[in-house]
Every structure is written in structure tokens, then in C-alpha cells.
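First the structure, in the form of C-alpha cells, and then the observations on it.
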Amino acid sequence: MNIKIEDKDFDLSDLAIKADLADYSPVRGCMVIKHYGYAIWELIQSFLDKEIKRAGHKNAYFPLFIPESFLKKEAEHVEGFSPECAVVTHAGGEKLEEPLVVRPTSETIIYYMFSKWIKSWRDLPYSINQWANVVRWEKRTRLFLRTTEFLWQEGHTAHVDEEDAQAMAKKMLEIYNKFMKEVLALAPIVGEKSASERFAGAADTYSLEVLLRDGKILQAGTSHYLGTAFSKAFEIYYQNKNNELALAHLTSWGVSTRLIGALIMGHKDERGLILPPKIAPIQVIIIPIYKNPEDQELIISECKQIKQELEELEIRTEIDADDQKTAGYKFNEWELKGVPIRIQIGKRDIENNVVEIVRRDKKEKLRDISRQGLTERIQALLNEIQEFLFQRNLSWREENIYTADSLEEINKILNDKGGFIKINWSGDYEDEIKLKEICKATVRVKALEEPNNKCAISGKDAKYKVYIGRAY
RNA sequence: CGGGAUGUGGCGCAAUUGGUAGCGCAUCUGCUUUGGGAGCAGAGGGUUGCUGGUUCGAGUCCAGUCAUCCCGACCA
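Set out below in C-alpha cells:
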């Protein structure tokens, strides 16, 4: 890798490839997730899977192929997804009687099964989660943010009534929010989508919107209250306590490998990736520095000793003992890859019974850190970095929430700074269109406050206070 | 899917009016090096994305195709 990284403003593809997270595949819009990137996904999975199970959901697996007719059963759903479906028409050397859709999401096939499994109020709430790949033939792709095939988790639940279902949709939203704050150190704005931004077929869509370092906004997770539209389409009826047939109320919720995009773009700086400790595949990188073979042996054995001590505290540690590369090269490379803490040990340090520590988040060099109590010091520092990154992301978000009362103001703010703008909005679709055409911005989520002025787009009476911004 | 750009050793790039492909980094060998991307000397590596066409001759011109990037319309 031959790159000078001083003051380089990385874009996402630069970073994803140079930090060795992913590579392009020969198929348009698809990516290979390399081991360093996949390790991040595995960590995401292990944290979230625990939370999802704690919330009472069990994992299952549904097929990749969905009969085309299933997609067509729910009107809005088919309208939303048909254009981006990959369809298998031939298999086994023959034309299929009914084409099979490669799942863009699994509502239809899961609810088809729900209708067979749910018969009584005693069966409810019913829930399933699956970790799977899905395919959406997007016009424009971008590594991690929008790839043709991506990995995700999708949860589906059925409930006796709206109240119960809404509570679940919100509970899962809060689990995502907590995960993003505590593990990914990202501070999303959480709220309800406008009608036009809803999931195809949903009654209500809630989402988590992350402000990235480039000022753009990323929808990083969603949770939907689906109402009874799918239940009608797939005949998910149950017998209630009054011995009547009733429609189940459904929810679905998911997060994808896009979270890795949020992670990259939410924390990066001019030197590359910055990974919060909890999600970093390597939390501590140890770099031995030596001039001759005698020192080398001594120093490496000290590195191994430190690695072992750190691993006893379950701190993910690696030693970069590659003697083909100079120390300086390694410093830059591991910074590019976002490892939270680097320990440097040379002969000097061993003689003085100290090490040098460099923290990635603040680019701060801590010299002469005592070897005694080092592991505890590192552990505390990892927590400190985790907290620092969250606080930094939170202030970044807070500092970039603006208000505006006209399209001109909105445009100026977005051109100069990006970020979120809180505006009053009439709630009319035509105003959303206007906002998009003139400012290239969309309504991200509704704010909790009540509107306190006329609509910033049209001057009509405002119905909502909303956050808007330019999104990926 | 529309507009624009690009595609040349692993990576980044060059090659004038068409004349048979060159540089830097990386790689290999040797010696010296190693606390912020090492130095010197030598060596290897290419059907120029792919397919076809024009031409005595194509990296260069033409057509098609595939991929990537930027801008729109579509989206987690």
C-alpha cells in the first residue's frame, strides 16, 4: 500500500479499501468483505444477537428464494420492491413455471409461514429473527452504504393489537439506539419517518439517523409498525378471547452491513479509520522497535508477555513483528486501520521498565507509561476512548443541528456545513418534493417538539417539526 | 437507467500527428538500516478491461460490451 495519508480527506471507498475492510467484486455493485471488515460485522452480530434474544426473539432461517406471486400480494410492498428485485427465471436448465425472486427482504415469505403457525391469541406475540443476505438491485451503489447484496438481521413479530405491536417496534428501535451509542459510539437522531419515506407496506417507520463526518446523514437502522396490511394479504388471522377471528398486527426491524459504513464515516479523520474499542477487531497493536537481533529477541519476548497479560483481560491484542517493515510504516498503517491503542516498545523502554502508548482517537502520544499496572491502564484507556468517541460524535451532532425558516436558509446551511436542520413543515408531500428539488434534502425524521411557525418550505400552516438534511 | 469521466505490470500514473509500452512505489537479490511511511546497487514482472472493426501497423481511431468514479432519478 503506497499512500501518504497526511491531511488526506478520505472518502468511503478509499477508506474501505485501503483499511482493508473490503474489495470490489467482478459483479456490479457487489463487494467482498475481507476478514478485517468481516470481523467488525461478527462483533456487531455478537452484541446485537444477544440483545435481540434478550428481547425474546429467536433466530431462524428462511429461504433465499421467494415465489414471485408472494411479493405481489401486498400492493405497496410490490410497488416499492419490484423495481429492485433480482428474479430467477431459469434453473436446472429449464424455464421455471413461476419465477423466483431473490429476497430483497423477507416479509412475504415469513408472513406466509406466520399464517400457518398463528391460530390463536395464545400464539401471540409471535416472533422470529434471521441473520441473512438480501439482494436489492440499486441503481447506484457504494461500498457498505448501498451494495447490491448486503448482510443484515431482520426481525418479524406478530401481536394481538396495535398497542402491543407499536411497543415492540419502539422497543427494538431503542435496542438499536442503545447499541449504536454504547458499542458503535454513534449518536443517532431517532424518530418517525414521513409518509413518503416509510418502508413499502408499513404503517409507521421509525429510524436512526447518523450524522457523518462529511455532513451527510445516513439512515442506519429501521423499525416498522406494519399494521395489518400484510396480515390481510397473507391471512394471518387468530382467534381472540371472544372466539372471533382477528388480524395480527405486525412489526419488522433490521440493521445491516450499512452500520459498518456508519462506523467508518461517523468517526474517520485525515489519517483514516477510527474504531471504537468495543467494535475494533484489534483493540491494541503492539509494535516492537529494535536495531539489532539481540534487542529484537528481548523486545519481542516482552511484547508477547504484554499481549498475554492483555488477553487475560480479554483485550484483543496483536503484535506487528514484521521485520520487513519499518516502525514508521507500521504506525501509519495501523492508524489507517483505526486500531484504538498502539503500544511501542524499544530497548530504551525496557531498560526503564516503561512503554509508549499512542491513542488513535486523539492522536496523543503518552511516553514513559509504567510497565507496572499497564494492563489496567490499557483497559481504562479503552473505556476512555470509547467514551471520548461517543461524546465527540454527540457534540458533532449537536453542533450541527440548525434551524431555518426558508428554502434559501436551508440551502445555504446545507451548502456551507451540512448537518441536520430542524424546520416546521406542513406535512404535505408536494413540499417534500420541493425541498428535494431545490435543496437536495429530505425529511429524515419527525422531531418530538410541536411546530412553532409556518412551514419553512411553503409558508403554509405547519403540522410537524422535522429534521431534514442531505442523506446517502 | 440518463449525463460526464476513467480503465495500461500488484498499486499510482505516463506514452505528441497511429510506428510495436515507460516511470514511481511495491516485489525479488545483496549489503547497510528500524523511536513517524529507510538508503544504495542489481533483477524480474504487460495479449494496454473484454469483443469485434478500420489500417501495412492500434494503448492511441470506430462500434459494442463489462466494471469503477462523479452528477441526477430509485433506495437499508
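In this note's numbering, the protein residues as written are 1 to 472.
Glycine is no exception: its CB is placed at the ideal position from the N, C-alpha and C atoms.
Would you report the Cα separation of residue i and residue j, rounded to the nearest angstrom?
i, j, result
"Asn240", "Thr205", "27 Å"
"Arg367", "Asp349", "9 Å"
"Tyr472", "Leu208", "13 Å"
"Glu197", "Gly80", "11 Å"
"Ala19", "Leu394", "25 Å"
"Tyr61", "Lys34", "24 Å"
"Ser13", "Tyr24", "10 Å"
"Asn453", "Asp428", "15 Å"
"Glu6", "Arg271", "Its pLDDT being 41, under 50, Glu6 is placed unreliably in this model, and the value from its coordinates should be taken loosely. So the alpha carbons of these two residues sit roughly 6 Å apart."
"Tyr112", "Met172", "23 Å"
"Asp142", "Thr442", "In the sequence on display, residue 142 carries Arg and not Asp. One C-alpha to the other measures close to 19 Å."
"Lys365", "Ala39", "27 Å"
"Phe10", "Glu309", "35 Å"
"Trp131", "Gln153", "4 Å"
"Arg258", "Ala158", "26 Å"
"Phe388", "Lys268", "14 Å"
"Trp253", "Thr89", "30 Å"
"Glu68", "Asn133", "18 Å"
"Arg392", "Lys73", "46 Å"
"Asn2", "Asn332", "Legend: pLDDT at Asn2 = 30, less than 50; position of this residue unreliable, no value from coordinates given."
"Ala321", "Leu382", "23 Å"
"Val255", "Ala187", "16 Å"
"Phe47", "Val183", "8 Å"
"Gln386", "Ile306", "22 Å"
"Lys446", "Lys193", "6 Å"
"Leu263", "Ala91", "39 Å"
"Asp461", "Lys434", "16 Å"
"Cys30", "Gln219", "20 Å"
"Pro293", "Pro277", "33 Å"
"Ile44", "Ile118", "31 Å"
"Glu94", "Leu21", "39 Å"
"Ile401", "Phe420", "5 Å"
"Lys50", "Ile175", "11 Å"
"Thr403", "Tyr237", "46 Å"
If I follow the unbroken alpha helix (DSSP H) through residue i, where does it start and stop?
i, result
"Ile401", "Careful: Ile401 lies outside any alpha helix (DSSP H), inside the beta strand (DSSP E) at 401-403."
"Tyr61", "Here Tyr61 belongs to no alpha helix (DSSP H), and DSSP marks it neither H nor E."
"Val160", "First-last for Val160: undefined, no H or E at that position."
"Gln45", "35-54"
"Asp434", "Per the sequence shown, residue 434 should be read as Lys rather than Asp. First-last of the alpha helix (DSSP H) with Lys434: 429-439."
"Trp334", "327-336"
"Asp14", "12-18"
"Leu100", "No alpha helix (DSSP H) contains Leu100, which is instead part of the beta strand (DSSP E) from 94-102."
"Ile110", "107-117"
"Asn415", "407-416"
I'd like to know whether the C-beta atoms of residue i and residue j end up nearer to each other than 8 Å.
i, j, result
"Leu273", "Leu448", "no"
"Met180", "Pro125", "no"
"Val355", "Arg342", "no"
"Ile315", "Gln379", "yes"
"His249", "Thr222", "no"
"Trp334", "Ile285", "yes"
"Ile217", "Arg470", "yes"
"Ile457", "Asp416", "no"
"Glu84", "Arg136", "yes"
"Arg377", "Ile189", "no"
"Ser115", "Glu235", "yes"
"Ile128", "Val101", "no"
"Gly266", "Leu336", "no"
"Tyr225", "Ala185", "no"
"Ile345", "Ile289", "yes"
"Ile282", "Lys304", "no"
"Cys439", "Leu414", "yes"
"Ser82", "Leu96", "no"
Pull up the CB-CB distance for residue i and residue j, whole angstroms please, since I reckon it's below 8 Å.
i, j, result
"Leu151", "Arg103", "Their Cβ separation, rounded to whole angstroms, is 12 Å, which puts Leu151 and Arg103 out of contact at 8 Å."
"Gly418", "Gly215", "2 Å"
"Trp425", "Tyr464", "5 Å"
"Gly328", "Arg360", "About 16 Å separates the two Cβ atoms, so there is no contact after all."
"Lys232", "Leu247", "6 Å"
"His77", "Gly201", "4 Å"
Could you check where the beta strand (DSSP E) with residue i kicks off and where it finishes?
i, result
"Ser127", "126-135"
"Ile457", "Per DSSP, Ile457 belongs to no beta strand (DSSP E) and is neither H nor E."
"Arg359", "354-359"
"Ser370", "364-370"
"Gly80", "Premise fails: Gly80 lies in the alpha helix (DSSP H), 75-81, not in any beta strand (DSSP E)."
Could I get the ranges of all uninterrupted beta strand (DSSP E) runs contained in the stretch 280-324, with 3 residues as the minimum, in chain order?
-> With a minimum length of 3 residues, the continuous beta strand (DSSP E) runs that stay inside the stretch 280-324 are 284-288, 317-319.
In the stretch 192-260, which residue ranges form an unbroken beta strand (DSSP E) of at least 3 residues, counting only runs that do not cross its ends?
-> Counting only runs of 3 or more, we get 204-211, 217-227, 237-239, 245-247, 249-256.
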